[in-house]
């Protein structure tokens, strides 16, 4: 279910993180946007979440997002401008963000925030005992030695402005685990595009890249073939205020099957100091191809 519509990374990603303030309630994002991996031309979900939060912080620079709940309503078109409308509720620390394209609603989110970073929740989830990014092969090195789903994943990442170094994956040929762990960062060649980028926006953008991998493996290990898939909603708990836009982030993900075509996916994101900086929960829809032998 990977798309091969894109074969190279975009020339620039500065528009992903530099949004345009229109007035006190509206923010605009100019295309081209990053397209996802399943349907060519459909805006990547992680970018929508990232820009929804960035639009809020653009209008409210003195606050700290605490929790984000974003629901995908309709597919976004990666060649159409996005407009975000912010509604801040009086006497509360909750704001709503709606994302639209030419008047069509594509997403809706709610952001809980605080005025003090000390009020962010910490995470009790410990970082697994993995090495640093330099301890693992780059995608270009690893792709020569793997086959199947792992090779497809590495080929897919060539299309994105993100460098991935797999640590642990159910897609490795001898693996018996379903947990997925990958070091991610924005590719160094895009560092100039991140001069004014908000680090939180980058981390939110990265949070969606590997979250489906454990889910796909869970279905595949039960002999269930996936025809297509889509994100339904994306929830984030933010544990840190200091995010390095150029830094590495370790994404450790797992999956629980909710029903035959639904799955709950969780990812814990750690910075290079092994601190859990973000917890992500996503519900995904999976269209199952008719096939005998399904075990779920």
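In the working numbering, the protein residues as written are 42 to 337. Note that CB positions come from ideal geometry on N, CA and C, so glycine has one too.
* To do: May I ask you to list the residues that DSSP assigns as paired with residue 105?
  => 155
* Given 8 Å, three or more beta-carbon pairs between the stretch 222-232 and the stretch 255-267 -> no
* **Given residue 64 as reference, the closest of 128, 144, 51, 117 once Cα atoms are compared** => 128
* To do: Spell out the partners DSSP gives residue 171 in its beta bridges.
  => Answer is none; residue 171 lacks a bridge partner.
* Helix, strand or coil at residue 254 according to DSSP, with G and I counted as helix -> For residue 254, the secondary structure class from DSSP, reduced to helix, strand or coil, is helix.
* Answer with buried or exposed for residue 35, where buried requires no fewer than 16 other C-beta atoms within 10 angstroms of its C-beta. => There is no way to answer for residue 35, as the model of the chain reaches only from 42 to 337.
* residue 281 versus residue 193: straight-line alpha-carbon distance, rounded -> Rounded to whole angstroms, residue 281 to residue 193 spans 33 Å at the Cα level.
* Those residues which DSSP pairs with residue 311 across a bridge -> 291, 317
* For residue 176 and residue 141, the rounded distance between their alpha carbons -> Going by the C-alpha atoms only, they are around 42 Å apart.
* To do: Rounded to whole angstroms, what's the CA-CA distance from residue 124 to residue 185? Just pull it up for me.
  => C-alpha separation (whole angstroms): 42 Å.
* Asked: Does the distance from the C-beta atom of residue 110 to that of residue 150 stay below 9 Å?
  -> In contact: residue 110 and residue 150 (Cβ atoms closer than 9 Å).
* From what residue to what residue does the beta strand (DSSP E) around residue 246 run? -> Not the beta strand (DSSP E): residue 246 falls in the alpha helix (DSSP H), residues 240-247.
* Contacts around residue 318, its chain only, beta-carbon distance under 6 Å, and the 5 residues preceding and following it disregarded -> 280, 281, 310, 312
* Among 67, 120, 115, nearest to residue 99 - alpha-carbon criterion -> 67
* Would you report the Cα separation of residue 241 and residue 266, rounded to the nearest angstrom? -> 35 Å
* Please report how far the alpha carbon of residue 195 lies from the alpha carbon of residue 159, in whole angstroms. => 38 Å
* Asked: Exposed or buried, residue 48, counting other C-beta atoms within 10 Å across all chains shown (16 or more means buried)?
  -> Here the model assigns residue 48 a pLDDT of 46, short of 50, so the residue's position is not dependable, and the following value carries that caveat. Its Cβ having fewer than 16 others within 10 Å, residue 48 is exposed.
* residue 102 to residue 285, Cα distance in whole Å? -> 17 Å
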